[in-house]
Structure formats: structure tokens, C-alpha cells
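Asks: Residue numbers (our numbering): 4 to 204. Positions of the beta carbon are idealized from the N, C-alpha and C atoms, including for glycine. Please find one structure pasted underneath; my questions will follow.
What follows is the structure in C-alpha cells.
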């Protein structure tokens, strides 16, 4: 009976506004300013960055966490400023443009025309809790589709578990930032090496 009375009082208090609502917090990722730029002539190709595919949870703005290899959850009060797929697409375009290696780098649209489509799959951008501690997991697979040849000419996968020093969402995001920077550096560098070994005319 006492429990029922307590529950009734709690509901009444919530309805009256006694319980303060939790504040939503938003996070974003960015790329660091370019420290070096190529002096060579840009490669005469236009790369179109296509839409990234991903699991349903990574197309939502809520921060994802993994409790095990088979169980995922979302945080209702900690969210990305944009869906992770769109955010990584944006960072990829910014990174490629900052390199000044290509004639043009464009987002995919109904009017975009290019020589290659760079597309991929975002496999992870989340916290992972295990016995060894908290980690920030980033997994991205990219492939380059040659529109003229009609086939994939390059592909690569990057995955990393970055240690998280503190048990806070901010610390998780900072570790994800580090992993994303490393991953995009590696992937875009190796993409440039593909073009260096396959000159276009």
C-alpha cells in the first residue's frame, strides 16, 4: 500500500513539474586543419562521395554503446549533431578537399557528375564496454567505383578500438575523434597511392 502511495505521489509530482527534465547533450566530430599541402598538380579526376550505408542505429542521432558483441543500446540524452553516416561523409569530403590532390571532390546529388564514386559502409562509431575497459570503436569500409569502367577498382577497410580514459560520454567522443582522424588519414592516403600507381589521362 505504501509503495502505491509513493508511486502515486511521484507521478503527481512529475505532472506538476517537480522533477527536472534531463538536458539533451549534442556532440560532433571535425577534422584538424591541414598542416601540409601537396605542391603537385591535382589529379585530373572528379570524385563523388556517395551515401554511406550503415546499420539502422548509426543512421539515427542517438549515441550508440555496445554492452557485448551481440547487444547494443542507445543513449536518449546524448546525441550526435547529425546522423553518423552524414557526419562521416562530410568529414571524408573535407579531408579529400583539404588534400588538394584532385580536380574536384563533390557530395552525391541528382546533378553531380564525376569520374569515380567513393562509397562505403560505416560499421561502427560507438562505445564498447568489456572486461578490459571502455573503448571507442570506429569501423569504415570504402570502395572506389570507376564510372567509365563500370567496376570497383580500389577498396580498403579501417577498424580501431581506441582506449577511453574516463567514464564519460565526452571522453568517448574524444577517443572516437582520434580514431576517426587516424582512419580517414589512412584511407585517404592509400586512396591517393592508388591514383599514383594508376595514372589517369
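To which residues of the same chain is residue 174 closer than 7 Å at the C-beta, ignoring the five residues directly before and after it?
Replies: Within the same chain, residue 174 has close Cβ partners 167 and 168.
Asks: Residues in its own chain within less than 7 Å of residue 47 by CB, not counting five upstream and five downstream?
Replies: These residues qualify, in order along the chain: 106 and 203.
Asks: Nearest CA to the CA of residue 61: which residue from 97, 155, 141 and 194?
Replies: Out of 97, 155, 141 and 194, 141 has the C-alpha closest to the C-alpha of residue 61.
Asks: Could you tell me which of 196, 190, 201 and 25 sits nearest to residue 96, measuring between CA atoms?
Replies: Of 196, 190, 201 and 25, the residue nearest in Cα terms is 190.
Asks: Distance check for residue 24 and residue 8, CA to CA, integer angstroms please.
Replies: Low local confidence applies: a pLDDT of 39 at residue 8 is under 50, so the model's placement there is unreliable, with the coordinate-based value given in what follows. Those two C-alpha atoms are separated by around 23 Å.
Asks: Do residue 184 and residue 50 have their C-beta atoms closer together than 8 Å?
Replies: No.
Asks: Could you say which of 53, 134 and 162 lies nearest to residue 205 if we only look at CA atoms?
Replies: Absent from the model: residue 205. The displayed extent of the chain is 4 to 204, so no value can be given.
Asks: I'd like to know whether the C-beta atoms of residue 76 and residue 143 end up nearer to each other than 8 Å.
Replies: Result no, Cβ atoms of residue 76 and residue 143 do not sit closer than 8 Å.
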